[in-house]
Amino acid sequence: MTEGDRVAVLGVRVRLGAGATVDDVRALKTWLEREESLEGLVSRGKLSIEEQAGTDAADGRLGPDIELVLRVLGDVVTLVALTEYTARAVKTWTNNRRRLQDGDPDPQIRPLDPDGE
0 MTEGDRVAVL GVRVRLGAGA TVDDVRALKT WLEREESLEG LVSRGKLSIE EQAGTDAADG
60 RLGPDIELVL RVLGDVVTLV ALTEYTARAV KTWTNNRRRL QDGDPDPQIR PLDPDGE
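Quick note: the sequence shown uses numbering that gives the first Met the number 0, first residue 0, plus one each step.
Written out as structure tokens, the structure reads:
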């Protein structure tokens with residue numbers, strides 16, 4: 000690779016909707032870190048799960064402007080597999096949350112752009 004060549008960043012972004020709180024974002028992060036299909040990747044340093052300020056929040060947004068970004072740090076999983084693992088884990092977390100709390104966190108999952116944004 001020559002200087003200036005960019006390596007595509009593989010990952011997904013998880014954003015909770017207006018019915019969610021900052022505590023929901025943090026609870027989901029903990030859930031994802033412990034999810035069987037993701038935990039091994041995290042513990043081996045092959046996947047990072049980070050909270051970061053939202054990048055595409057609409058003006059007047061009511062929910063937290065924090066999203067979770069899952070970045071692949073090695074050649075261990077495909078974007079399709081990571082998206083599937085994440086979607087399954089988020090769905091399970093959402094169903095559990097609904098049984099315990101009112102409101103709908105309305106999660107959105109989408110791949111990162113090739114530049115990691």
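Virtual Cβ for every residue (Gly too), placed ideally from N, Cα, C.
Would you be able to state if there are at least three C-beta pairs under 8 Å between the region 9-22 and the region 32-42?
No, they do not touch.
Leaving aside the five residues before and after Thr-82 along the sequence, list all residues of the same chain whose C-beta is less than 8 Å from its C-beta, in chain order.
Looking up residue 82 in the sequence shown gives position 83. Within the same chain, Thr-82 has close Cβ partners Val-11, Ile-108 and Pro-110.
State yes or no: is the beta carbon of Lys-45 nearer than 8 Å to at least one beta carbon in chain B?
Note that chain B does not occur in the displayed structure, where there is just one protein chain.
With H, G and I counted as helix, E and B as strand and the rest as coil, what does DSSP make of Ala-17?
The sequence position of residue 17 within the sequence shown is 18, counting from 1. If DSSP states are grouped into helix, strand and coil, Ala-17 belongs with coil.
Taking all protein chains shown into account, decide if Arg-97 is buried (16 or more other Cβ within 10 angstroms of its Cβ) or exposed.
Within the sequence shown, the letter at position 98 stands for residue 97. When all chains shown are included, Arg-97 counts as exposed.
When DSSP labels each residue in this structure, what does Glu-38 get in the three-state scheme?
For the purposes of this step, residue 38 is taken as the residue at position 39 of the sequence shown. The answer is helix: DSSP assigns Glu-38 an H, G or I state.
By DSSP's criteria, Arg-12 is part of a beta bridge. Which residues make up the other side?
Here residue 12 corresponds to residue number 13 of the sequence shown, with the count starting at 1. Partner(s): Val-68 and Arg-109.
How many whole angstroms separate the CB atoms of Leu-72 and Thr-85, which I take to be in contact at a CB cut-off of 8 Å?
Position 73 of the sequence shown, counted from the first residue, corresponds to residue 72. Position 86 of the sequence shown, counted from the first residue, corresponds to residue 85. Leu-72 to Thr-85, Cβ: 15 Å. No contact.
CA-CA distance, Thr-1 and Gly-16?
In the sequence shown, residue 1 corresponds to position 2, counting from 1. In the sequence shown, residue 16 corresponds to position 17, counting from 1. Note that Thr-1 has pLDDT 47, beneath the 50 cutoff, so the model's placement of it is unreliable and the number below is only indicative. For Thr-1 and Gly-16, the distance between alpha carbons rounds to 41 Å.
With a Cβ-Cβ cutoff of 8 Å, do Gly-53 and Arg-25 count as a contact?
Within the sequence shown, numbered from 1, the residue matching residue 53 stands at position 54. Within the sequence shown, numbered from 1, the residue matching residue 25 stands at position 26. Contact: no.
Return the first residue and the last residue of the alpha helix (DSSP H) that Glu-83 is part of.
Taking the first residue of the sequence shown as 1, we reach residue 83 at position 84. Note, Glu-83: alpha helix (DSSP H), 78-99.
When you compare only the Cα positions, how much space is there between Lys-90 and Trp-30?
The sequence position of residue 90 within the sequence shown is 91, counting from 1. The sequence position of residue 30 within the sequence shown is 31, counting from 1. Lys-90 and Trp-30: Cα-Cα distance of roughly 11 Å.
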